[in-house]
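So in the numbering used here the end of the sequence shown lands on 125, straight run, no missing numbers. Each residue gets a CB set at the ideal place from its N, CA and C atoms; glycine is no exception. Working notes for the structure below.
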Amino acid sequence: MSDANAGQPAPAPDFDQMTRDIADVPAVEVITTVAVHLMSAAAVNLGLAEEGPQHKDLDEARKLINALAGLVTASATEISSFHAAPLRDGLKSLQLAFREASVVPDEPGQGPGEKFTGPVFGS
3 MSDANAGQPA
13 PAPDFDQMTR
23 DIADVPAVEV
33 ITTVAVHLMS
43 AAAVNLGLAE
53 EGPQHKDLDE
63 ARKLINALAG
73 LVTASATEIS
83 SFHAAPLRDG
93 LKSLQLAFRE
103 ASVVPDEPGQ
113 GPGEKFTGPV
123 FGS
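Quick look at the structure:
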(Lines of atoms letter the chains of each structure in order from A; the text may use other names.)
(Lines give C-alpha, C1' and ligand atoms only; values in the text may rest on other atoms or scores of the structure.)
Protein backbone atom coordinates (compact mmCIF):
# COMPACT_ATOMS: atom_id res chain seq x y z
CA MET A 3 0.00 0.00 0.00
CA SER A 4 1.23 3.48 -0.76
CA ASP A 5 0.23 6.67 0.92
CA ALA A 6 -1.04 9.22 -1.59
CA ASN A 7 0.08 12.05 0.72
CA ALA A 8 3.61 10.73 1.29
CA GLY A 9 6.20 13.42 0.77
CA GLN A 10 3.67 16.25 0.98
CA PRO A 11 3.95 18.70 3.86
CA ALA A 12 1.32 18.50 6.56
CA PRO A 13 -1.35 21.17 6.34
CA ALA A 14 -0.73 24.25 8.48
CA PRO A 15 -2.66 24.30 11.75
CA ASP A 16 -5.71 26.54 11.87
CA PHE A 17 -4.63 28.95 14.62
CA ASP A 18 -7.93 30.84 14.50
CA GLN A 19 -9.83 27.63 15.24
CA MET A 20 -7.37 26.68 18.00
CA THR A 21 -7.82 30.10 19.61
CA ARG A 22 -11.58 29.74 19.54
CA ASP A 23 -11.32 26.24 21.02
CA ILE A 24 -9.20 27.31 24.01
CA ALA A 25 -11.47 30.29 24.58
CA ASP A 26 -14.33 27.85 25.17
CA VAL A 27 -12.50 26.06 27.99
CA PRO A 28 -13.51 27.34 31.45
CA ALA A 29 -10.69 28.72 33.60
CA VAL A 30 -11.34 26.14 36.33
CA GLU A 31 -10.71 23.36 33.80
CA VAL A 32 -7.45 24.91 32.61
CA ILE A 33 -6.25 25.41 36.21
CA THR A 34 -7.14 21.89 37.36
CA THR A 35 -5.64 20.32 34.24
CA VAL A 36 -2.34 22.13 34.76
CA ALA A 37 -2.39 21.18 38.46
CA VAL A 38 -2.92 17.50 37.63
CA HIS A 39 -0.01 17.59 35.16
CA LEU A 40 2.22 19.16 37.82
CA MET A 41 1.11 16.54 40.37
CA SER A 42 1.79 13.68 37.98
CA ALA A 43 5.23 14.98 37.05
CA ALA A 44 6.12 15.56 40.72
CA ALA A 45 4.99 12.04 41.64
CA VAL A 46 7.19 10.55 38.93
CA ASN A 47 10.16 12.62 40.13
CA LEU A 48 9.53 11.45 43.69
CA GLY A 49 9.89 7.85 42.49
CA LEU A 50 6.20 7.06 42.99
CA ALA A 51 5.64 5.79 39.44
CA GLU A 52 5.69 2.12 38.44
CA GLU A 53 9.35 2.38 37.49
CA GLY A 54 10.05 3.73 40.98
CA PRO A 55 13.54 5.05 41.61
CA GLN A 56 14.49 4.95 37.94
CA HIS A 57 13.07 8.47 37.44
CA LYS A 58 13.62 9.79 40.97
CA ASP A 59 14.93 13.36 40.94
CA LEU A 60 14.18 15.33 44.11
CA ASP A 61 15.49 18.61 42.67
CA GLU A 62 12.96 18.41 39.85
CA ALA A 63 10.24 17.28 42.26
CA ARG A 64 10.92 20.31 44.49
CA LYS A 65 10.50 22.69 41.54
CA LEU A 66 7.26 21.06 40.45
CA ILE A 67 5.81 21.02 43.97
CA ASN A 68 6.71 24.70 44.40
CA ALA A 69 4.94 25.56 41.14
CA LEU A 70 1.93 23.45 42.13
CA ALA A 71 1.73 25.10 45.56
CA GLY A 72 1.83 28.55 44.00
CA LEU A 73 -0.89 27.67 41.51
CA VAL A 74 -3.17 26.00 44.05
CA THR A 75 -2.73 28.75 46.63
CA ALA A 76 -3.26 31.58 44.15
CA SER A 77 -6.26 30.03 42.42
CA ALA A 78 -8.08 28.47 45.38
CA THR A 79 -10.48 31.37 45.90
CA GLU A 80 -11.14 31.60 42.17
CA ILE A 81 -12.06 27.96 41.56
CA SER A 82 -14.15 27.28 44.72
CA SER A 83 -13.42 24.82 47.48
CA PHE A 84 -15.16 22.06 45.50
CA HIS A 85 -12.24 22.09 43.05
CA ALA A 86 -9.51 23.42 45.36
CA ALA A 87 -9.88 20.87 48.18
CA PRO A 88 -8.75 17.82 46.16
CA LEU A 89 -5.86 19.84 44.73
CA ARG A 90 -4.79 20.85 48.25
CA ASP A 91 -5.00 17.20 49.37
CA GLY A 92 -2.86 16.07 46.44
CA LEU A 93 -0.36 18.84 47.11
CA LYS A 94 -0.08 17.90 50.78
CA SER A 95 0.44 14.24 49.87
CA LEU A 96 3.28 15.20 47.52
CA GLN A 97 4.84 17.47 50.14
CA LEU A 98 4.77 14.64 52.69
CA ALA A 99 6.14 12.16 50.13
CA PHE A 100 8.98 14.58 49.41
CA ARG A 101 9.79 14.85 53.11
CA GLU A 102 9.80 11.03 53.37
CA ALA A 103 12.00 10.62 50.27
CA SER A 104 14.59 13.17 51.41
CA VAL A 105 17.75 11.83 53.00
CA VAL A 106 18.08 15.12 54.90
CA PRO A 107 14.56 16.42 55.55
CA ASP A 108 13.89 20.15 55.31
CA GLU A 109 13.04 22.09 58.45
CA PRO A 110 9.29 22.59 58.94
CA GLY A 111 8.20 25.46 56.71
CA GLN A 112 11.22 25.07 54.41
CA GLY A 113 10.01 22.13 52.31
CA PRO A 114 8.80 22.43 48.74
CA GLY A 115 5.76 24.67 48.45
CA GLU A 116 5.70 25.47 52.16
CA LYS A 117 6.41 29.15 51.53
CA PHE A 118 2.91 29.17 49.98
CA THR A 119 1.11 26.65 52.20
CA GLY A 120 2.88 26.99 55.52
CA PRO A 121 4.47 24.02 57.30
CA VAL A 122 3.06 20.62 56.36
CA PHE A 123 2.79 17.85 58.94
CA GLY A 124 1.50 14.29 58.59
CA SER A 125 -1.98 13.63 59.87
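Cβ-based burial, residue i [other Cβ within 10 Å; buried from 16]
i    : result
E116 : buried
P11  : exposed
I24  : exposed
P114 : buried
A63  : buried
T21  : exposed
V46  : buried
Span of the alpha helix (DSSP H), counted from its first residue to its last, around residue i
i    : result
P88  : 60-103
V46  : 29-47
E116 : 116-119
Contacting residues, own chain, Cβ-Cβ under 8 Å from residue i (five flanking each side not counted)
i   : result
T75 : F118, T119
L48 : K58, L60, A63, L96, A99, F100, A103
Cutoff 6 Å; reference residue i; Cβ partners in own chain excluding five residues on either side
i    : result
A135 : With the chain covering only 3 through 125, there is no way to say anything about residue 135.
G124 : L98
Pair within 8 Å by beta-carbon distance, residue i and residue j
i   : j   : result
V36 : L73 : yes
L70 : L93 : yes
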